[in-house]
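Residue numbers for the sequence shown follow this note's numbering, so the first one is 93 and each next one is one higher.
Cβ coordinates follow ideal geometry from the N, Cα and C atoms, glycine included.
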Amino acid sequence: MDFQLEEVPWIPMKQPGDHWNLILCIDEGSFGMVWRGEEKPSGEEVAIKIVTDPDDQLEDMKREINLLSDLKNDFIIGLHGAWTYNDEIWVVMEL
Numbered sequence: 093m094d095f096q097l098e099e100v101p102w103i104p105m106k107q108p109g110d111h112w113n114l115i116l117c118i119d120e121g122s123f124g125m126v127w128r129g130e131e132k133p134s135g136e137e138v139a140i141k142i143v144t145d146p147d148d149q150l151e152d153m154k155r156e157i158n159l160l161s162d163l164k165n166d167f168i169i170g171l172h173g174a175w176t177y178n179d180e181i182w183v184v185m186e187l
């Protein structure tokens, strides 16, 4: 599949706690952590990937976010959005 890697429109976030509750760490890897979270005030459960060292994986993160935002299918995890907070990237997806 060919796709164009475009610049991701990173949206600065003032305080993630205003938007989501982090409930449980699901996984941890070299990129950071994936959390089971809850969107406020809807209560919808989401997966939140927090990338703590984005410089090393910026191109991979852009590619992943672009793919998830372009692909709509019941068998592909839906993307809620991607934000920056301090030196982190927060990627919020369906759980």
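{"Query": "Give me whichever residues DSSP pairs with D119 in a beta bridge.", "Result": "V126"}
{"Query": "Does DSSP classify I168 as helix, strand or coil?", "Result": "coil"}
{"Query": "Note down, in chain order, each residue of its chain lying with its Cβ closer than 7 Å to the Cβ of P51, except the 5 sequence neighbours on either side.", "Result": "Outside the shown range of the chain (93 to 187) lies residue 51, about which nothing can therefore be said."}
{"Query": "First and last residue of the beta strand (DSSP E) that includes K141?", "Result": "137-143"}
{"Query": "Going by CA-CA distance only, name the one from K154, E186, I118 that's closest to N165.", "Result": "E186"}
{"Query": "If you drop the 5 nearest sequence neighbours on each side, which residues of the same chain put their C-beta closer than 6 Å to that of V184?", "Result": "V138, I140, H172, G173"}
{"Query": "Short of 7 Å in beta carbon distance, which residues of its chain neighbour F123, apart from the five on each side in sequence? Order them along the chain.", "Result": "V143, Q149"}
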